[in-house]
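Counting from 1, position 6 in the sequence shown corresponds to residue 140 in the working numbering; the numbering is continuous, with no gaps.
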Amino acid sequence: MTKRKLFAALMQGVDDMTAQRQGKIKLRSNDVESKPVLEA
């Protein structure tokens, strides 16, 4: 098994979100429809 660089992957995601907010890049996004809560 190879060792994963989890912190580096998280920081890359944060950097990508920052760039998206600044309008530098476009990230893929999905809209999710909320469903009503079922009561038992």
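Here a beta-carbon is modelled for each residue, glycine too, at the ideal position from N, C-alpha and C. None of the values given here were measured: they were computed from a predicted structure.
Rounded straight-line distance, which links the Cα of residue j to that of residue i
i, j, result
"K169", "L140", "33 Å"
"A143", "E173", "39 Å"
"V166", "D150", "21 Å"
"G157", "K137", "33 Å"
Three-state secondary structure (DSSP) of residue i
i, result
"V148", "helix"
"R161", "Reading the sequence as shown, one finds Leu at residue 161 and not Arg. Residue state, collapsed to three classes: coil."
"R155", "helix"
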